[in-house]
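Taking it in order: structure first as structure tokens, then the write-up.
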Amino acid sequence: MNAAELATLWTVFTVSLIVPGADFFCVVRESVAFGRRAGMLSALGVATALMIHTGYTVLGIGLLVSQSILLFNLIKWAGVAYLVFIGWKSLRSATIADADLSEPGLTDAKFRPAYRSFGIGFLTNLLNPKATLFFVALFTAIVSHQTPLAWQAGYGAILAACAAFWFTLVAVFFTTPAIRLGFVRFGHWFSRITGLIFIGLGIRLALQRAP
Numbered sequence: 009m010n011a012a013e014l015a016t017l018w019t020v021f022t023v024s025l026i027v028p029g030a031d032f033f034c035v036v037r038e039s040v041a042f043g044r045r046a047g048m049l050s051a052l053g054v055a056t057a058l059m060i061h062t063g064y065t066v067l068g069i070g071l072l073v074s075q076s077i078l079l080f081n082l083i084k085w086a087g088v089a090y091l092v093f094i095g096w097k098s099l100r101s102a103t104i105a106d107a108d109l110s111e112p113g114l115t116d117a118k119f120r121p122a123y124r125s126f127g128i129g130f131l132t133n134l135l136n137p138k139a140t141l142f143f144v145a146l147f148t149a150i151v152s153h154q155t156p157l158a159w160q161a162g163y164g165a166i167l168a169a170c171a172a173f174w175f176t177l178v179a180v181f182f183t184t185p186a187i188r189l190g191f192v193r194f195g196h197w198f199s200r201i202t203g204l205i206f207i208g209l210g211i212r213l214a215l216q217r218a219p
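Start counting the sequence shown at 9; every next residue gets the next number (this note's numbering).
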């Protein structure tokens with residue numbers, strides 16, 4: 009692999025990764041409400057969606073999406089609907105899941121199916137057209153046309169692994185005893201605030217125009 013290309017990709021991607029967005033709040037919500045296992049699974053879902061973004065970007069489909077107003081709007085409104093749906097469900101929740109804090113973040117009295125935690129992370133990232141635009145711009149600006157597709161796919165795998173690692177750290181942090189206990193004590197406020205955040209993210213996405 010081209011070390012310079014990879015280093016530049018990794019630097020730009022890492023800076024964008026640590027800025028809180030829909031993915032971050034998704035992992036935080038799953039971690040606090042349902043425990044460390046749920047948070048880690050949602051982190052894995054986000055990373056898997058990133059691999060898909062990389063895949064179609066490398067194949068050139070991402071450029072087609074970024075230049076098609078119809079395709080962009082289809083993805084955008086699907087993303088808007090999903091974010092607002094998550095926010096509405098969170099607002100309707102009376103409190104976060106009742107947790108067994110004898111082993112904070114690891115064991116929960118209310119079981120959360122693995123596919124739901126993975127799926128919410130996966131869809132939150134996949135249905136975000138800004139991720140499409142970001143990867144198309146990132147690879148177009150940094151990766152040479154002469155770079156083999158296998159290497160470009162390798163870049164994507166490394167970036168996805170970095171995302172999985174970062175969001176796993178987020179899940180671990182928010183399920184430490186002191187942090188999670190504080191959220192559990194104010195569970196109804198946590199549900200309402202995260203609900204409003206997701207609805208706000210949906211509205212902001214709705215206002216985004218096609219490039």
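Quick reminder that beta carbons are idealized off the backbone N, C-alpha and C, glycines included.
C-beta contact flag for residue i and residue j at 8 angstroms
| i | j | result |
| --- | --- | --- |
| I207 | G95 | yes |
| V66 | A161 | yes |
| L91 | L215 | no |
| L135 | T62 | no |
| F21 | L146 | yes |
| G53 | F126 | yes |
| K97 | P137 | no |
| R200 | L99 | yes |
| T183 | R37 | no |
| M59 | G129 | no |
| E230 | T155 | The structure shown has nothing for residue 230, since the chain only spans 9 to 219. |
| F173 | R120 | no |
Coil, strand or helix - residue i by DSSP
| i | result |
| --- | --- |
| L67 | coil |
| T202 | helix |
| R124 | helix |
| T155 | coil |
| T184 | coil |
| V27 | coil |
| L134 | helix |
| S76 | coil |
| L209 | helix |
| Q216 | coil |
| G164 | helix |
| N10 | coil |
| G47 | helix |
Any non-hydrogen atom of the ligand GDP within 7 angstroms of residue i CB
| i | result |
| --- | --- |
| L67 | Questions concerning the ligand GDP fall outside what the structure shown contains, since it holds no ligand whatsoever. |
Would you call the stretch 168 to 178 and the stretch 38 to 52 in contact, with 3 or more CB pairs under 8 angstroms?
As far as the Cβ criterion goes, the stretch 168 to 178 touches the stretch 38 to 52, which means the pair count is three or higher.
Does the count of Cβ pairs from the stretch 50 to 66 and the stretch 147 to 164 closer than 8 angstroms reach three?
Three or more Cβ pairs closer than 8 angstroms define a contact, and the stretch 50 to 66 meets that threshold against the stretch 147 to 164.
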